[in-house]
Amino acid sequence: MKYHLFLLLILFSNNLISQVNLEELDFLFPGDSIPSNTFMLDEVTVFQPLKFNNDEEIKRYVILRYRVKKVYPYAKLASERMIKIDARVDSIKSKRKKRVYLKKLEKFVYKEFSDELRKLSRSQGRILVKLLNRQTGLTAHKIVSEYRNKFRALLYNTAASFYSISLKDEYEPFVDFEDYLIEDILQRSFSDGSLKKQDYALDFDLDKIYEFWLDKNQ
27 MKYHLFLLLI LFSNNLISQV NLEELDFLFP GDSIPSNTFM LDEVTVFQPL
77 KFNNDEEIKR YVILRYRVKK VYPYAKLASE RMIKIDARVD SIKSKRKKRV
127 YLKKLEKFVY KEFSDELRKL SRSQGRILVK LLNRQTGLTA HKIVSEYRNK
177 FRALLYNTAA SFYSISLKDE YEPFVDFEDY LIEDILQRSF SDGSLKKQDY
227 ALDFDLDKIY EFWLDKNQ
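For what it's worth, the numbering used here labels the leading residue of the sequence shown as 27, then goes sequentially.
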């Protein structure tokens, strides 16, 4: 669809010393010439335990995790492209040339990604719209309005609505429980390295979201 736009293993060698008290042993790290009896550990993120009431909830979470991991790279790429596009557009003084550039860009993006995006399911498309908002701070509708025009945004949103997708959807983990689960999946994936973290416009404290939904569901 066109409309889906720990620890580290520490290598050390003992300095030749005559003392045998283990508490006084020094560590010599690669590249260092002065032994030290302290060493830095990588930061470890501790997550709140997720609670599921039944197997069906677990199944839905696993399916959601698959969908999020599938579409996040598209949202990440879109955010990266927008930064480059903004820089390019700012360098173009003529309004007419800006319109020509953005129109050509739209055709290029469609040609480059249309086949892949068509393979996304409706659910994946809805998640992509949410993640675009998370990464850029703009709704998909706003992005189309600013980079093309409001009429084109209306057409896109109308077409997307036939697939039960609204380009105006926002990412709201404190409002939508699924958005909270999406944020949980993202944070865990960033931590384990299965997804590459990117600077994003909308920042959320996962612990606060967890506590919010815990209190609400009690």
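Beta carbons are placed, not taken as given, at the ideal position from N, Cα and C, and that holds for glycine.
Check	Outcome
Contact under 8 Å by Cβ, Ile-153 with Arg-93	yes
Validate contact between the region 145-163 and the region 114-131 using beta carbons, cut 8 Å, 3 pairs	no
Classification of Leu-240 by the beta-carbon crowding that lies within 10 angstroms, buried from 16 upward	exposed
Exposure of Ile-208, with buried meaning 16 or more beta-carbon neighbours within 10 Å	buried
Nearest-angstrom Cβ-Cβ length linking Leu-90 and Ile-191, presumed shorter than 8 Å	That pair is no contact at about 16 Å.
Three-way DSSP call (helix, strand, coil) for Ser-147 in this model	coil
N- and C-terminal bounds of the alpha helix (DSSP H) containing Leu-212	203-218
Exposure of Asp-205, with buried meaning 16 or more beta-carbon neighbours within 10 Å	buried
Contacting residues, own chain, Cβ-Cβ under 7 Å from Met-108 (five flanking each side not counted)	Thr-162
Proximity below 8 Å, CB of Ser-105 to CB of Gln-213	no
Close Cβ partners of Lys-194 (< 6 Å) along its chain, the five nearest in sequence each way excluded	Thr-165, His-167
Between the CA atoms of Lys-129 and Gly-151 - distance to the nearest angstrom	23 Å
4 or more residues per run - each alpha helix (DSSP H) lying fully within the region 217-244	232-242
Beta-carbon contacts of Ile-111 that lie in its chain and below 6 Å, excluding the five residues immediately before and after	none
Residues of its chain near Ala-227, where Cβ-Cβ distance is below 6 Å and the 5 sequence neighbours each way are ignored	Thr-162, Gly-163
Coarse secondary structure for Ser-192, derived from DSSP in three states	coil
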